[in-house]
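J.:
In our numbering, the protein residues as written are 665 to 977.
(1) Skipping 5 residues on each side, what residues in its chain have a beta carbon closer than 6 Å to that of residue 736?
(2) Leaving aside the five residues before and after residue 969 along the sequence, list all residues of the same chain whose C-beta is less than 7 Å from its C-beta, in chain order.
(3) Suppose you measure from the CA of residue 795 to the CA of residue 971; what does that come to, to the nearest Å?
(4) Does the structure place the stretch 737-750 close enough to the stretch 697-713 that three or more beta carbon pairs sit under 8 Å?
(5) To the nearest angstrom, how far is the alpha carbon of residue 919 from that of residue 927?
(6) Below 8 Å between beta carbons: does that hold for residue 898 and residue 853?
(7) Of the residues 881, 956 and 967, which one's Cα is nearest the Cα of residue 930?
(8) Note down the Cα distance separating residue 941 from residue 935, rounded to an integer number of angstroms.
(9) Report yes if the C-beta distance between residue 948 and residue 912 is below 8 Å; otherwise report no.
(10) Taking residue 704 as part of the beta strand (DSSP E), name the residues at either end of that continuous run.
(11) On the criterion of 16 or more Cβ atoms from any shown chain inside 10 Å, does residue 760 qualify as buried, or is it exposed?
(12) Looking at the unbroken alpha helix (DSSP H) that takes in residue 718, where does it start and where does it end?
(13) If we ignore side chains and look at the alpha-carbon of each, how far apart do residue 743 and residue 720 end up?
(14) Count the other CB atoms, across all protein chains shown, that sit within 10 Å of the CB of residue 855; report buried if there are 16 or more and exposed otherwise.
(15) So what does DSSP say about residue 930, is it helix, strand or coil?
(16) In the DSSP assignment, find the beta strand (DSSP E) that holds residue 869 and state where it starts and stops.
(17) Could you have a look at residue 971 and say whether DSSP puts it in helix, strand or coil?
(18) Alpha carbon to alpha carbon, how far is residue 958 from residue 793?
(19) Span of the alpha helix (DSSP H) holding residue 884?
(20) So, for residue 896: in the same chain, excluding its five sequence neighbours on each side, which residues have a beta-carbon less than 6 Å away from its beta-carbon?
(21) Cβ of residue 761 within 7 Å of any heavy atom in the ligand ZN?
(22) Is DSSP giving residue 911 helix, strand or coil here?
(23) By how many angstroms is the C-alpha of residue 712 removed from the C-alpha of residue 757?
(24) Compare the C-alpha of residue 915 against each of 901, 937 and 951 and name the closest.
(25) Hey, could you find the ends of the beta strand (DSSP E) residue 876 is sitting in?
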């Protein structure tokens, strides 16, 4: 064997010996990274599946023969890296969730403070109105002897009463608006659109609150009903009627039955959210009370609705 051949043989032998050592070093480094990840209290309980996969891949690397060692090392390195990234992502999401909760709590507290101020202002205005009414009665008694003086007093009182009534109404509207805002923040959804009908406040869930022919609330509608329930619980003991309506397509009895099931679903959702069952009744009207032309798609969509009527709102 000449010198060049001997040198080459030695080099090949050294490389063969070095490969397992390098693989062992890589495996030790990966094992240290995984151990550090598992020992980090910040990541406790996070990326458990990814960490298990990484641990299994390290065991496979330790047991791999020379031919499989490089592939096993690659898989182990990837799995350890995935576990690290997954744990970091989970920790970041947990922190985001915590900050979101803090933000929501601060918004709710701010809304409560605003509502308390609005209630205090409304109460102050009610007291002023009472005092002014008593003062008006006193002035009327004093002015009874003079018709001209009586007319002047009545004109003055009418102006004062009008201004006071406007301020009181504005305070009440502000109080109600803040109560709705607080309910939406607490429930994580907006209240349904509302309107006044006589002495009732009417909240309307549109046709998209249910699937076609179904009586199960969609996720968005359920969130709105949840917010409405929070608002109703804070608003006293007003009686509530849930009216279900459909368009005119289909058989009348089938429409009436569907509208009743939908009204019952909304009633039950309000009860589940904490509104006393004794305050709520549900009625299905079918297609008997349209609010738009059933001859058009737009009109039929408006007629498919559930209305929540709150008395004295």
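We put the beta carbon where it would ideally sit given N, CA and C, even for glycine.
Just so it is clear, the structure is predicted and the values come from calculations on it, not from any experiment.
T.: This is what the structure holds:
(1) Closer than 6 Å at Cβ, skipping near neighbours: 724, 725 and 728.
(2) Excluding sequence positions up to five before and after residue 969, its CB lies within less than 7 Å of the CB of 868, 869, 870, 871 and 909, all in the same chain and listed in chain order.
(3) Those two C-alpha atoms are separated by around 39 Å.
(4) Flag = yes, the stretch 697-713 and the stretch 737-750 touch.
(5) One C-alpha to the other measures close to 12 Å.
(6) Going by C-beta atoms, residue 898 is not nearer than 8 Å to residue 853.
(7) The shortest C-alpha to C-alpha distance from residue 930 to any of 881, 956 and 967 is the one to 881.
(8) Each residue's alpha carbon lies about 6 Å from the other.
(9) No; because the gap between Cβ atoms is not below 8 Å, this pair is not in contact.
(10) No beta strand (DSSP E) holds residue 704; DSSP gives it neither H nor E.
(11) Residue 760 comes out exposed.
(12) Run containing residue 718: 712-727, per the alpha helix (DSSP H) assignment.
(13) Approximately 9 Å between the Cα atoms of the pair.
(14) Residue burial is scored here from C-beta neighbours: residue 855 has at least 16 other C-beta atoms within 10 angstroms and is therefore classed as buried.
(15) Residue 930 falls in the helix class under three-state DSSP.
(16) Here the beta strand (DSSP E) through residue 869 covers 864-869.
(17) Three-state DSSP puts residue 971 in a strand.
(18) The C-alpha of residue 958 lies about 48 Å from the C-alpha of residue 793.
(19) Residue range 883-898 is occupied by the alpha helix (DSSP H) that includes residue 884.
(20) Closer than 6 Å at the Cβ level, and outside the excluded window around residue 896, lie 939.
(21) The ligand content of the structure shown is nil, which means the ligand ZN is not present either.
(22) Residue 911 falls in the coil class under three-state DSSP.
(23) Distance from the CA of residue 757 to the CA of residue 712, rounded to the nearest whole angstrom, comes to 16 Å.
(24) The candidate whose alpha carbon is nearest that of residue 915 is 951.
(25) From DSSP, residue 876 is part of no beta strand (DSSP E); its letter is neither H nor E.
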